[in-house]
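Engineer: Note that the protein sequences, when read in sequence, are chains L and B. Per our numbering, the very first residue in the first sequence carries number 308; after that it's consecutive. Per our numbering, the very first residue in the second sequence carries number 308; after that it's consecutive. Starting off with a structure, shown below.
2 protein chains.
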Amino acid sequence: MPQTRYDVLAIGNAIVDVISETTDDFIASEALTKGGMQLIDAARARALYDAMGPAREISGGSGANTLAGLATLGQKCAFIGQIADDQLGEVFAHDIRATGIDFDVPPLGKEPPTARCLILVTLDAQRTMNTFLGASQYLAAGLIDKDLIASAAILYLEGYLWDPEEPRAAMRAAIEHAKAAGRKVAFTLSDAFVIDRHRADFLSLMDDGLIDILFANEVEICSLQQDEDFESAVTASAAKVPLLIVTRGEHGAIAVQNEQRFAVPAEHAERLIDTTGAGDLFAAGVLSGLSQGRPIADCLKMGAICAAEIISHYGARPEADIKALVEKGLSAA
Amino acid sequence: MPQTRYDVLAIGNAIVDVISETTDDFIASEALTKGGMQLIDAARARALYDAMGPAREISGGSGANTLAGLATLGQKCAFIGQIADDQLGEVFAHDIRATGIDFDVPPLGKEPPTARCLILVTLDAQRTMNTFLGASQYLAAGLIDKDLIASAAILYLEGYLWDPEEPRAAMRAAIEHAKAAGRKVAFTLSDAFVIDRHRADFLSLMDDGLIDILFANEVEICSLQQDEDFESAVTASAAKVPLLIVTRGEHGAIAVQNEQRFAVPAEHAERLIDTTGAGDLFAAGVLSGLSQGRPIADCLKMGAICAAEIISHYGARPEADIKALVEKGLSAA
Numbered sequence: 308m309p310q311t312r313y314d315v316l317a318i319g320n321a322i323v324d325v326i327s328e329t330t331d332d333f334i335a336s337e338a339l340t341k342g343g344m345q346l347i348d349a350a351r352a353r354a355l356y357d358a359m360g361p362a363r364e365i366s367g368g369s370g371a372n373t374l375a376g377l378a379t380l381g382q383k384c385a386f387i388g389q390i391a392d393d394q395l396g397e398v399f400a401h402d403i404r405a406t407g408i409d410f411d412v413p414p415l416g417k418e419p420p421t422a423r424c425l426i427l428v429t430l431d432a433q434r435t436m437n438t439f440l441g442a443s444q445y446l447a448a449g450l451i452d453k454d455l456i457a458s459a460a461i462l463y464l465e466g467y468l469w470d471p472e473e474p475r476a477a478m479r480a481a482i483e484h485a486k487a488a489g490r491k492v493a494f495t496l497s498d499a500f501v502i503d504r505h506r507a508d509f510l511s512l513m514d515d516g517l518i519d520i521l522f523a524n525e526v527e528i529c530s531l532q533q534d535e536d537f538e539s540a541v542t543a544s545a546a547k548v549p550l551l552i553v554t555r556g557e558h559g560a561i562a563v564q565n566e567q568r569f570a571v572p573a574e575h576a577e578r579l580i581d582t583t584g585a586g587d588l589f590a591a592g593v594l595s596g597l598s599q600g601r602p603i604a605d606c607l608k609m610g611a612i613c614a615a616e617i618i619s620h621y622g623a624r625p626e627a628d629i630k631a632l633v634e635k636g637l638s639a640a
Numbered sequence: 308m309p310q311t312r313y314d315v316l317a318i319g320n321a322i323v324d325v326i327s328e329t330t331d332d333f334i335a336s337e338a339l340t341k342g343g344m345q346l347i348d349a350a351r352a353r354a355l356y357d358a359m360g361p362a363r364e365i366s367g368g369s370g371a372n373t374l375a376g377l378a379t380l381g382q383k384c385a386f387i388g389q390i391a392d393d394q395l396g397e398v399f400a401h402d403i404r405a406t407g408i409d410f411d412v413p414p415l416g417k418e419p420p421t422a423r424c425l426i427l428v429t430l431d432a433q434r435t436m437n438t439f440l441g442a443s444q445y446l447a448a449g450l451i452d453k454d455l456i457a458s459a460a461i462l463y464l465e466g467y468l469w470d471p472e473e474p475r476a477a478m479r480a481a482i483e484h485a486k487a488a489g490r491k492v493a494f495t496l497s498d499a500f501v502i503d504r505h506r507a508d509f510l511s512l513m514d515d516g517l518i519d520i521l522f523a524n525e526v527e528i529c530s531l532q533q534d535e536d537f538e539s540a541v542t543a544s545a546a547k548v549p550l551l552i553v554t555r556g557e558h559g560a561i562a563v564q565n566e567q568r569f570a571v572p573a574e575h576a577e578r579l580i581d582t583t584g585a586g587d588l589f590a591a592g593v594l595s596g597l598s599q600g601r602p603i604a605d606c607l608k609m610g611a612i613c614a615a616e617i618i619s620h621y622g623a624r625p626e627a628d629i630k631a632l633v634e635k636g637l638s639a640a
């Protein structure tokens, strides 16, 4: 493979998370689906924000979280996502650049505002996400630069961003450029409801051999294949992608590569506070391991270590020195 | 005392904290005074933000933090402070209202923006604060409503807000109204540099019998009296106020009332992460105890419990159920 400037380039939603503790009663009274992600409009975002408790704001976005993990682990990364010209946009841009990630997409304008995700965390550390996409859904396909895509060894795409039309076109263009340049394409399925809306697209990307690495959790892989049986859903999916990674929460994760199966148990988390970003950081650990040319078993272990760190505090960006944690974890193994 | 609507009404800066971990080297390279608070202008705020690491945003402001503690402990509170019509202003207003505090000051306009404090936290949990006051310094004296001031048993004033001219006039008017209505005035000295700029004002407020409860830490009480000897600085100050509270970090705190001295050790903190807001939450515990008519020793204990909670995580607003912690702590004593 020719020399690349970046290990991973991600296209994802540019979101600031607004994180608040809540009760199961509140989740029920607002008729939310616990553990899910739903898209909300500006009016609903205002009403829900008014009803929810005091919050903390921490940059988020699934793909951006994964990159933050990757950059902290030492990989060279770039991000493509759309912010607005407002304070939350400044926060998002600051945090991603301060993590060492290249981010050059200019703000779109004052309106619609930068995306935010109202995240309600219950005592069991489960997160219920309510996303107002704002500017993020207007990521234009014209922003996808062929040379930039070719400059990254792995293109990482966020399933969440398949919903809005413009970013979907941007991602299709990016896949084309990546494949033409001989780069790998990694894709995360993101959410069962997203899969319900775009199952045919996702399966056809896989059938066409456009996905090299597929990330999913148990619910998502079953939803993708519309198969309640986990094992057969995994087998069917693994047949279509060179590398499949499926996270299983407290049961760890598995990988399937060339019909060979690998598994890793979940790492012990110091505290269980907020599961937001567990999958994103698992992907970060795996992609970091792959970028470093490590064996799949090590990649899984790195994912498990990063996921355990992220669920030990509020927010989906690493707080602890995950690079040191990974080095320690791999040397102990 | 006639019936009051609020236990405590505070006038303070309306600030969103931007909190980032850093190193002693960074503090040195930016020529900051570790542990201090300095006021910075918009250009400096931008340059420092660009240089610092990824951050989390959590509503702050010394007086507002104290009220958040008080409201969480069950007291009825109201806040007066100035935000702008922007996203950080919405965040501040949301968080304070969601904590159950009445806050009715309308946003000023788009510019200057809502105040922010860039807080750099080193590994020793020390915080170095860089405050861009923005809209907060334009709190107008005209906002001080006589009836509102009379409706609170205690008026709580933040020394930090003595710097800008308009809020200083607002606080002077508020003191006058509070005294005329027979209410108590509590004042926190906030910072040694603030005291350097306004020592004569603060001493004259005390000489004129306008301060009923004075909060300070060791450095501040010594600075106020320009006396390196802690004991004599305490004695001189206590002679001028009915109740003096001095926090001493890991050595706990003392109170002096009618020449009687009380002391409390520091409470054990689960983890020591970020000392931002330790004094603010100590004041919350004390004022809550006073509002509930508890003896001074209990008030100090409540302050120590609240301070221990706030230093165990990032941000100066309570995360744990401090009401339950206080009840447990007082019943164990």
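Where is the CB? At the ideal position from N, CA and C, for every residue including glycine. Bear in mind that the values here come from a model prediction, so they are computed numbers and not experimental data.
Hey, out of G441(L), I390(L), P474(L), whose CA is closest to R351(L)'s CA?
Structural biologist: The residue with the shortest Cα to Cα distance from R351(L) is G441(L).
Engineer: Any Cβ of chain B within less than 8 angstroms of the Cβ of G360(L)?
Structural biologist: Yes, contact with chain B.
Engineer: Please classify R423(B) as buried or exposed, where buried requires at least 16 other C-beta atoms within 10 Å of its C-beta.
Structural biologist: Flag for R423(B) reads buried.
Engineer: With I482(B) and L517(B) assumed to form a contact (beta carbons below 8 angstroms), what rounded beta-carbon distance in angstroms separates them?
Structural biologist: At roughly 5 angstroms, the Cβ-Cβ gap stays under 8 angstroms, so I482(B) and L517(B) are in contact.
Engineer: State buried or exposed for L430(L), treating a residue as buried only when at least 16 other CB atoms are found within 10 Å of its CB.
Structural biologist: Exposed, because fewer than 16 other Cβ atoms sit within 10 Å of the Cβ of L430(L).
Engineer: Give the residues of chain L in contact with L579(B), contact being defined as C-beta atoms less than 9 angstroms apart.
Structural biologist: Within chain L, no residue comes near L579(B); the closest Cβ sits about 15 angstroms away, beyond 9 angstroms.
Engineer: Can you list the residues of chain L that L588(B) reaches, using a CB-CB cut of under 9 angstroms?
Structural biologist: The premise fails here: L588(B) is roughly 14 angstroms from chain L at the closest Cβ pair, so nothing lies under 9 angstroms.
Engineer: What residues from chain B crowd round D503(L), counting only those whose CB sits closer than 9 angstroms?
Structural biologist: Here the premise fails: no neighbours, minimum Cβ distance about 32 angstroms.
Engineer: For I326(L), name the three-state secondary structure that DSSP assigns.
Structural biologist: Looking at I326(L) - three-state DSSP - the assignment turns out to be strand.
Engineer: With respect to the alpha helix (DSSP H) encompassing R475(B), which residues constitute its N-terminal and C-terminal limits?
Structural biologist: Element bounds for R475(B): 472-487.
Engineer: At a CB-CB cut-off below 8 angstroms, which residues of chain B make contact with I617(L)?
Structural biologist: The contacting residues do not exist; I617(L) stays about 14 angstroms from chain B at best.
Engineer: Quick check: what's the CA-CA separation for G600(L) versus R353(B)?
Structural biologist: Rounded to whole angstroms, G600(L) to R353(B) spans 39 angstroms at the Cα level.
Engineer: Which of the three DSSP states is assigned to M609(L) in this structure?
Structural biologist: M609(L) falls in the helix class under three-state DSSP.
Engineer: Does T554(L) come within less than 8 angstroms of chain B when only Cβ atoms are used?
Structural biologist: So, not an interface residue.
Engineer: For a contact meaning CB atoms closer than 7 angstroms, what does G622(B) contact in chain L?
Structural biologist: The contacting residues are R363.
Engineer: Take A476(L) and list the residues in its own chain whose beta-carbon comes closer than 8 angstroms to its own, dropping the five residues that flank it on each side.
Structural biologist: Contacts found: A448.
Engineer: F405(L) CB to nearest chain B CB: under 8 angstroms?
Structural biologist: According to the sequence shown, residue 405(L) is Ala rather than Phe. Yes, contact with chain B.
Engineer: Are the C-beta atoms of M308(B) and some chain L residue less than 8 angstroms apart?
Structural biologist: Its pLDDT being 49, under 50, M308(B) is placed unreliably by the model, and the measurement read from it follows with that caveat. False, the Cβ-Cβ gap to chain L never drops below 8 angstroms.
Engineer: Determine whether the beta carbon atoms of F439(L) and D515(L) lie at a separation below 8 angstroms.
Structural biologist: No. Outside cutoff.
Engineer: Which residue or residues does DSSP assign as beta-bridge partners of Y313(B)?
Structural biologist: A459(B).
Engineer: Taking only beta-carbon positions, decide if S336(B) is within less than 8 angstroms of chain L.
Structural biologist: Not an interface residue.
Engineer: Alpha carbons only, please: which of S544(L), A614(L), L355(L) is nearest the one belonging to E337(L)?
Structural biologist: Here the closest residue by C-alpha is L355(L).
Engineer: By DSSP's criteria, C424(B) is part of a beta bridge. Which residues make up the other side?
Structural biologist: DSSP output for C424(B) lists D324(B), T438(B) as bridge partner(s).
Engineer: Classify L464(L) as buried or exposed, calling it buried when 16 or more other Cβ atoms lie within 10 Å of its own Cβ.
Structural biologist: L464(L) is buried by the Cβ-count criterion.
Engineer: Using 8 angstroms as the threshold, is the C-beta distance between G367(L) and V323(L) below it?
Structural biologist: Taking 8 angstroms as the Cβ cut-off, G367(L) and V323(L) qualify as a contacting pair.
Engineer: Hey, how far is the Cα of T495(B) from the Cα of I580(L)?
Structural biologist: Approximately 34 angstroms between the Cα atoms of the pair.
Engineer: Please check if any C-beta of chain L sits within less than 8 angstroms of the C-beta of D393(B).
Structural biologist: Yes, its Cβ sits closer than 8 angstroms to a Cβ of chain L.
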